Amino acid sequence: MMKFLFSFSIVLFSFLTAQSQRLDNSAKGIVYDKETAVDIRLHTFGYALNVDFGKINTYYKTTFYQFGLGELKHFKETNRSSEFGGSTSGSSLTGFSFGKQNSCYVVRAGMGQKIYFTEKAAKNGVGLAVSYAGGATLGLIKPYYLEIAGSTDYSNNIDIKYTPETATDFLDLTKIRGKSNFFTGIGQTTVIPGVHGEVAVHLDWGAFDEFLRAVEAGIMLDVFIKKVPIMITQQNRAYFLNLYASVQFGKRK
13 MMKFLFSFSI VLFSFLTAQS QRLDNSAKGI VYDKETAVDI RLHTFGYALN VDFGKINTYY
73 KTTFYQFGLG ELKHFKETNR SSEFGGSTSG SSLTGFSFGK QNSCYVVRAG MGQKIYFTEK
133 AAKNGVGLAV SYAGGATLGL IKPYYLEIAG STDYSNNIDI KYTPETATDF LDLTKIRGKS
193 NFFTGIGQTT VIPGVHGEVA VHLDWGAFDE FLRAVEAGIM LDVFIKKVPI MITQQNRAYF
253 LNLYASVQFG KRK
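Structure (structure tokens):
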């Protein structure tokens, strides 16, 4: 499956390059020449929120710059409930990912193009296009903290991250109350740089209306310079290949 996805992406990228070289560069008749869109995206192992700033070159082609924030999760990561048996009086148990060492949040910046297949996109119909983009990624690696109960009456609760010294408590399901507050350990965040790329089918309702309304479905790939240490007992990787779907809202001017 992985080999097929990579091969498909390469073939599609080659096709797009050839198509782009044959496009008519005339912008005659275009009412709007800029667009701004918010892209809300769910993918196989995470989510992202992007903002796109586009330049409408012709009826057939839009060039855009993309900036986004999101999270990448390990493909073996699952959420579970606490098995801690103490009293819940005055406290609440929260879900957590067992065996998780770090969270991986990402900041992406890149550029790309949308290439429409016909001029029907200029006539307030549904515009069919292929979108592709790529650029730089920063992986923000934040330690994953768990709240551990020291006794059944909650008198000795502590927040711990995984280390060889804390491994016994960190992996003891009978002591874990849940994940700690998001901001716990935020000052210990480290950075792993990388790159990303994506290719998708893009459907735009009224591709040259004032208000942008579109959906995308495609493949995205993030590659980092080293393995991202998310899980303790599972194999970690330096790359994340995801299928994604997104909705986009915005405005042209």
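Residue numbers for the sequence shown, in this note's numbering: 13 to 265.
We treat Cβ as the ideally placed atom computed from N, Cα and C, and that holds for glycine.
Since the structure is predicted, the reported quantities are computational estimates derived from the model, not experimental observations.
By alpha-carbon distance to C116, the top candidate from G107, L183 and F87 is F87. When only Cα atoms are considered, L158 and D234 end up about 27 angstroms apart. Taking Y59 as the centre and dropping the five residues before and after it, the same chain places the C-beta of R53, G82 and E83 closer than 7 angstroms to its C-beta, in chain order.
Taking all protein chains in view, the Cβ of Y156 is crowded by 16 or more other Cβ atoms within 10 Å, so the residue is classified as buried.
Its chain contains Y44 and K46 as the residues whose beta carbon lies nearer than 7 angstroms to that of K265, once the 5 sequence neighbours on both sides are disregarded; these appear in chain order.
Here the alpha carbon of S94 sits roughly 24 angstroms from the alpha carbon of N248. Within the stretch 175-209, the complete alpha helix (DSSP H) runs of at least 4 residues fall at 179-182.
In this structure, Y174 lies away from Y128, with their beta-carbon atoms at least 9 angstroms apart. Between G147 and the set F57, T56, Y256 and F76, the nearest pair of CA atoms involves F76. Beyond the five residues adjoining it in sequence on each side, G162 comes within less than 6 angstroms, by CB distance, of N168 in the same chain, given in chain order. Burial is judged here by how many other beta carbons sit within 10 angstroms of a residue's own beta carbon; G111 has at least 16 and is buried.
A direct Cα-Cα distance of roughly 16 angstroms separates G199 from Q113. Rounded to the nearest angstrom, the gap between the Cα atoms of E222 and K263 is 6 angstroms. Around the C-beta of K238, fewer than 16 other C-beta atoms lie within 10 Å, and the residue is accordingly described as exposed.
The closest CA to that of Q260, considering only I244, T90, D64 and T106, is found on D64. The Cβ-Cβ distance between A49 and G80 does not fall below 9 angstroms. Bounds of the beta strand (DSSP E) holding G147 are V138 to P155. The shortest CA-to-CA distance from T178 to any of M232, I231 and I244 is the one to I244. By DSSP's assignment, T48 forms a beta bridge with F65 and K263. Annotated three-state conformation of A250 is coil, per DSSP. Pairing V138 with L215 gives a Cβ-Cβ distance under 9 angstroms. Within the same chain, and ignoring the five residues on either side of V203 in sequence, the residues whose Cβ sits closer than 8 angstroms to its Cβ are L150, G151, L152 and I153. As far as DSSP is concerned, F87 takes part in no beta bridge. Here M232 is near Y256, since their CB atoms are less than 9 angstroms apart.
Around the C-beta of T74, 16 or more other C-beta atoms lie within 10 Å, and the residue is accordingly described as buried.
Pairing I160 with K191 gives a Cβ-Cβ distance that is not under 9 angstroms.
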